[in-house]
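These protein sequence lines are chains V and F, in that order. For the first sequence, numbering that gives the first Met the number 0 assigns the number 0 to the initial residue and increments by one for each residue that follows. For the second sequence, numbering that gives the first Met the number 0 assigns the number 0 to the initial residue and increments by one for each residue that follows. Note that the Cβ used here is the ideal one computed from N, Cα and C, for glycine as well.
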Amino acid sequence: MSLSSFLSVVVEQIDIIEAPVAAVAHAVNPWVAFAYLVAGVCFIFALRGLSHPTTSRKGNRYGMIGMTIAVVTTLVTHDIASLPEIIVAIAIGGGIGFIIARKIAMTDMPQLVAAFHSLVGLAAVLVGWAAYLNPGAFGILGEGGAISPVSRVEMGLGIAIGAITFSGSIIAFLKLAGKMSGAPIMLPGRHVINLGTLVAILGLTVYFTQDQSFWIIAVITVLAFIIGFLLIIPIGGADMPVVVSMLNSYSGWAAAAMGFTLHNTAMIITGALVGASGAILSYIMCKAMNRGFLSVIAGGFGADSSGGGGGAAQTDRPWKRGSAEDAAFMMSQAEQVIIIPGYGMAVAQAQHVLREMTDLLKEKGVTVKFAIHPVAGRMPGHMNVLLAEANVPYDEVFELEDINGEFAQTDVAFIIGANDVVNPAAKTDKSSPIYGMPVFEVDKAKQVFFIKRSMGGVGYAGVDNDVFYMDQTMMLLADAKKMVEEINKALAD
Amino acid sequence: MDFIAILSIFVLACFVGYYVVWSVTPALHTPLMAVTNAISSVIIVGALIAAAEAGSPAAKWLGLIGIVLASVNIFGGFAVTERMLAMYKKKERPAPKKEAN
Numbered sequence: 000m001s002l003s004s005f006l007s008v009v010v011e012q013i014d015i016i017e018a019p020v021a022a023v024a025h026a027v028n029p030w031v032a033f034a035y036l037v038a039g040v041c042f043i044f045a046l047r048g049l050s051h052p053t054t055s056r057k058g059n060r061y062g063m064i065g066m067t068i069a070v071v072t073t074l075v076t077h078d079i080a081s082l083p084e085i086i087v088a089i090a091i092g093g094g095i096g097f098i099i100a101r102k103i104a105m106t107d108m109p110q111l112v113a114a115f116h117s118l119v120g121l122a123a124v125l126v127g128w129a130a131y132l133n134p135g136a137f138g139i140l141g142e143g144g145a146i147s148p149v150s151r152v153e154m155g156l157g158i159a160i161g162a163i164t165f166s167g168s169i170i171a172f173l174k175l176a177g178k179m180s181g182a183p184i185m186l187p188g189r190h191v192i193n194l195g196t197l198v199a200i201l202g203l204t205v206y207f208t209q210d211q212s213f214w215i216i217a218v219i220t221v222l223a224f225i226i227g228f229l230l231i232i233p234i235g236g237a238d239m240p241v242v243v244s245m246l247n248s249y250s251g252w253a254a255a256a257m258g259f260t261l262h263n264t265a266m267i268i269t270g271a272l273v274g275a276s277g278a279i280l281s282y283i284m285c286k287a288m289n290r291g292f293l294s295v296i297a298g299g300f301g302a303d304s305s306g307g308g309g310g311a312a313q314t315d316r317p318w319k320r321g322s323a324e325d326a327a328f329m330m331s332q333a334e335q336v337i338i339i340p341g342y343g344m345a346v347a348q349a350q351h352v353l354r355e356m357t358d359l360l361k362e363k364g365v366t367v368k369f370a371i372h373p374v375a376g377r378m379p380g381h382m383n384v385l386l387a388e389a390n391v392p393y394d395e396v397f398e399l400e401d402i403n404g405e406f407a408q409t410d411v412a413f414i415i416g417a418n419d420v421v422n423p424a425a426k427t428d429k430s431s432p433i434y435g436m437p438v439f440e441v442d443k444a445k446q447v448f449f450i451k452r453s454m455g456g457v458g459y460a461g462v463d464n465d466v467f468y469m470d471q472t473m474m475l476l477a478d479a480k481k482m483v484e485e486i487n488k489a490l491a492d
Numbered sequence: 000m001d002f003i004a005i006l007s008i009f010v011l012a013c014f015v016g017y018y019v020v021w022s023v024t025p026a027l028h029t030p031l032m033a034v035t036n037a038i039s040s041v042i043i044v045g046a047l048i049a050a051a052e053a054g055s056p057a058a059k060w061l062g063l064i065g066i067v068l069a070s071v072n073i074f075g076g077f078a079v080t081e082r083m084l085a086m087y088k089k090k091e092r093p094a095p096k097k098e099a100n
């Protein structure tokens with residue numbers, strides 16, 4: 000007996016007793032709905048805890064409790080024909096996840112988060128397909144044993160968003176992990192292709208309400224995989240904070256769409272929270288670069304920097320080269336030093352030696368502060384995590400707007416692995432691609448040390464930086480970690 | 000539940016999310032992404048239903064794979080968030096620090 004004929008028999012029987020069709024699969028038990036609501040509230044507390052480091056771990060526990068409630072509620076309210084398989088599946092996945100979480104280096108967090116997003120996306124696709132194949136289990140059958148039209152739209156959209164999240168996150172992962180060039184890959188006519196694909200997905204979703212054929216779901220999935228791929232390949236490496244945040248948002252919307260399909264409040268609340276979270280982070284990142292979200296997503300930024308054209312102007316401008324001893328001497332004489340870390344610090348793994356440097360300076364009575372730009376690194380908060388890993392207390396780490404007024408009273412600004420975020424052209428040069436981006440006013444500090452590998456390269460935006468050539472700037476040309484180690488040696492003497 | 004009831008929950012949850020996330024300190028934005036990752040895997044609920052209910056072997060297998068993927072995320076996401084949050088420390092008081100040195 001096929002599934003559909005079985006279901007039509009069931010539906011006929013149900014009609015006799017005049018009960019809603021949905022009741023076949025699982026009676027709507029108010030306690031179940033309540034449990035999912037509690038899980039959703041726990042997730043709200045989980046995010047709320049992150050408003051301060053002291054409450055954050057408690058928040059994380061709330062998250063775990065919420066997840067446990069959701070999983071246990073689901074298991075005890077369904078006839079579990081396959082509990083052993085389910086437990087094995089959880090054990091396999093949980094084991095892998097736990098080991099990864101233990102072993103991952105903090106500098107690799109951006110690609111880990113991207114990889115995790117892809118899993119949420121793929122899981123959403125699989126759940127969408129499962130709901131299509133076994134709609135009765137999810138209580139989404141309408142009249143006559145077919146999936147109700149509203150559920151079909153939700154299903155189509157959920158699968159599409161999940162698939163975009165999956166393939167987009169895979170590309171973001173490959174770029175962040177350095178397994179694929181971070182340079183933008185520009186296809187001709189990509190905007191037309193993207194829009195056309197998007198319209199096709201929406202059109203198919205609408206058509207899906209009329210025709211419940213399998214090929215429609217399959218084509219939607221494939222098209223969504225393609226568009227996720229196409230969306231991310233033209234976006235350059237340093238725009239990844241926006242991309243990772245955006246994919247974070249998408250993974251939330253995918254969960255919410257599945258929540259709509261399955262009428263599950265825990266999924267809807269969580270999806271909305273995560274969707275909002277990712278959207279806000281994307282907004283903060285875009286604002287910190289003074290760029291529109293659409294211009295970031297359209298991609299191509301930083302494509303010129305690989306040409307090396309920006310490097311040419313540097314030869315005819317005078318600049319001063321400093322040594323580790325110079326830096327050690329000037330900083331030990333200073334009252335206040337502000338350190339501005341960037342992605343280069345993460346690449347060089349210099350956070351630990353940098354903390355040793357601050358310890359040595361503090362012993363000499365120097366006040367040391369860290370200044371973090373919102374887009375420093377490859378994901379929101381990337382620098383803060385690395386500094387926390389190196390045991391830098393969080394109350395010595397400051398946000399852009401909180402510390403920018405202090406540079407005029409600062410003896411030394413110490414720039415390590417950052418570039419565009421200190422470029423004064425953002426304030427003065429209207430033709431600059433980074434014009435309008437909020438930057439650290441390091442030019443107001445009495446002395447600037449700028450660690451950089453060589454004078455040849457320019458920042459991600461491909462623009463020259465006037466800070467290199469200021470009277471009070473000394474360039475420390477070396478690998479960031481080696482240079483700080485030498486400074487530490489000089490400070491210890 | 001009818002569509003409007005679900006939609007109401009969704010819209011209100013978006014507003015809650017908006018205000019809660021703005022209150023998150025920027026220093027914790029990376030743990031925020033890790034924990035949102037973990038909680039968005041509540042999608043495991045859908046995978047569990049698919050795997051638990053009889054009716055379609057294909058749906059069951061899709062569900063089981065979904066459970067594996069979501070479990071990686073749940074355990075990995077919460078564990079890595081916990082690991083990160085444990086690193087955020089306030090300035091130590093001078094006394095115990097001298098002993099440590």
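Q: Hey, could you find the ends of the alpha helix (DSSP H) V221(V) is sitting in?
A: F213 to I231
**Q.** When Y468(V), M288(V) and A370(V) are compared against P432(V), the one with the closest alpha-carbon
**A.** M288(V)
(Q) Just to confirm the assignment, what range does the alpha helix (DSSP H) spanning T472(V) have? (A) Counting along the chain, T472(V) falls outside any alpha helix (DSSP H), though it belongs to the beta strand (DSSP E) covering T472 to L476.
(Q) Tell me whether the segment 371-382 of chain V and the segment 107-121 of chain V touch, counting them as touching only if at least three CB pairs, one residue from each stretch, are closer than 8 angstroms. (A) yes
Q. Nearest-angstrom Cα distance between Q408(V) and V37(V)?
A. 51 angstroms
Q) Name the residues in the segment 37-57 of chain F whose C-beta lies less than 8 angstroms from a C-beta of chain V; which are they? A) A37, I38, S39, S40, V41, I42, I43, V44, G45, A46, L47, I48, A49, A50, A51, E52, A53, G54, S55 and A57
Q: With DSSP as the reference, label Q209(V) as helix, strand or coil.
A: coil
Q. Do A403(V) and R354(V) have their C-beta atoms closer together than 8 angstroms?
A. Checking the sequence, you will find Asn at residue 403(V) rather than Ala. Not closer than 8 angstroms, so no.
Q. Quick one, which of Q471(V), Y468(V) and E400(V) has its alpha-carbon nearest V438(V)'s?
A. E400(V)
Q | Cβ of A491(V) within 8 angstroms of any chain F Cβ | A | no
Q.
By the DSSP assignment, the beta strand (DSSP E) with K368(V) in it spans what residues?
A. T366 to I371
Q) Skipping 5 residues on each side, what residues in its chain have a beta carbon closer than 8 angstroms to that of G58(V)? A) F44, A45, L46, R47, G48 and L49
Q) Where does K429(V) land, buried or exposed, given buried means 16+ other C-beta within 10 angstroms? A) exposed
Q | Coil, strand or helix - I184(V) by DSSP | A | coil
Q | C-beta neighbour in chain V for M83(F), strict 8 angstroms | A | yes
Q: Check F413(V) in the structure and name its three-state DSSP category.
A: strand
(Q) Assuming contact is defined by CB atoms lying nearer than 8 angstroms, are A33(F) and P52(V) in contact in what I supplied? (A) no
Q) Who are the Cβ neighbours of V126(V) in its own chain at under 6 angstroms, not counting the five residues just before and after it? A) M257
Q) Can G155(V) and A253(V) be called in contact, C-beta distance under 8 angstroms? A) no
Q) Under 8 angstroms, do L175(V) and M239(V) count as touching if we go by C-beta distance? A) yes
Q) So, helix, strand or coil for Q348(V), using DSSP? A) coil
Q: Leaving aside the five residues before and after A37(F) along the sequence, list all residues of the same chain whose C-beta is less than 7 angstroms from its C-beta, in chain order.
A: N72, I73, G76, F77 and T80
Q) For V242(V), which three-state DSSP category applies? A) helix
**Q.** Listed by chain order, chain V residues near I66(F) by CB distance under 8 angstroms
**A.** I85, A88, I89 and G92
(Q) Tell me which residue opens and which closes the alpha helix (DSSP H) that K488(V) is part of. (A) A479 to A491
Q: Please name the residue, chosen from G435(V), G96(V), V420(V) and E485(V), that lies closest to V493(V) on a Cα-to-Cα basis.
A: Absent from the model: residue 493(V). The displayed extent of chain V is 0 to 492, so no value can be given.
Q: Quick one: using the 10 Å Cβ neighbour count with 16 as the cut-off for buried, is N100(F) buried or exposed?
A: Its pLDDT being 41, under 50, N100(F) is placed unreliably by the model, and the measurement read from it follows with that caveat. Exposed.
Q. Buried or exposed: which applies to H190(V), given that a residue is buried once 16 or more other Cβ atoms fall within 10 Å of its Cβ?
A. exposed
Q) Which same chain residues, not among the five before or five after C285(V), have their C-beta less than 8 angstroms away from its C-beta? A) V241, G291, F292 and V295
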